[in-house]
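Trainee: Please find one structure pasted underneath; my questions will follow.
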């Protein structure tokens, strides 16, 4: 099966991927040149540790807010989590924040209903996903959120419009989001340890998967529905 449905999609995907990679490299060079103290991961982690539990608490809050408000990509925050807290704690804090944000989005939609969700997202977009979560069920939702680049934050709101319970929804989100977040956190830890080549390789992998997912949303939705159905 082709990854992209047309040459135009393939060109757009390559340009987007190139932009992401250039952005990461540019950020790395800029930080190294103008904010060199951030390159001393050991000193930075020691400084963060001085704040005690406030540092991970603040990180978890930021990660939760990005799910509901989405001004910052969650992967960028996860990368910072790996750099500041290491692979294990960074993954735990990232996933905890994402799950808290997902639960808030789910409960807001459950409490205020479709009109609220249509104010957060355009009503035509919401209409395009009518019944999607109900049709695909638990296995389908896992397949949908495990692919980076798909609108998984929006799915949190849409899931709140279904008859699902929070105790069913959250484990699916945790398992589905874990792989890409763990990879990104690990990349952040590799940056902290001075292994920029491996870190950029991991970020490139996540970027490739994200771009492919973004430009194949409709095909992935159709595939998930066919499997779940």
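In the working numbering, the protein residues as written are 35 to 263. Beta carbons: idealized from backbone N, C-alpha and C, even for Gly.
1) Can you give me the C-alpha to C-alpha distance between residue 239 and residue 135, rounded to a whole angstrom?
2) Specify the secondary structure class of residue 218 as computed by DSSP and reduced to three states.
3) With a threshold of 16 other CB atoms inside 10 Å of the CB of residue 258, please say whether the residue is buried or exposed.
4) Quick one: measure Cβ to Cβ for residue 131 and residue 124, integer angstroms, because I've assumed they're closer than 8 Å.
5) Does the beta-carbon of residue 92 have 16 or more other beta-carbons within 10 angstroms, so that it is buried, or is it exposed?
6) Between 127, 138, 103 and 149, which lies nearest to residue 112 when the distance is taken from Cα to Cα?
7) Residue 286 to residue 199, Cα distance in whole Å?
8) In chain order, what are the residue ranges of uninterrupted alpha helix (DSSP H) at least 4 long that sit wholly in the segment 118-163?
9) Kindly list the residues whose CB is nearer than 6 Å to the CB of residue 94, restricted to its own chain and excluding five residues on each side of it in sequence; keep chain order.
10) Residue 87 by DSSP, collapsed to three states: which one?
11) Please check the pair residue 211 and residue 179, which I expect to be a contact at CB under 8 Å, by giving their CB distance rounded to whole angstroms.
12) DSSP state of residue 205, grouped into three classes?
13) Let me know if residue 223 comes out buried or exposed under the rule of 16 or more other beta-carbons within 10 Å of its beta-carbon.
14) Work out the CA separation of residue 160 and residue 151 for me, nearest whole Å.
15) What is the rounded straight-line gap between the Cα of residue 182 and the Cα of residue 243?
Mentor: The structure says:
1) 25 Å
2) helix
3) buried
4) Not quite, the Cβ-Cβ distance comes to about 11 Å (not below 8 Å), so this is no contact.
5) exposed
6) 127
7) As shown, the chain starts at 35 and ends at 263. That puts residue 286 outside it, with no answer to give.
8) 121-154 and 157-162
9) 127, 130 and 131
10) coil
11) 6 Å
12) helix
13) buried
14) 8 Å
15) 6 Å
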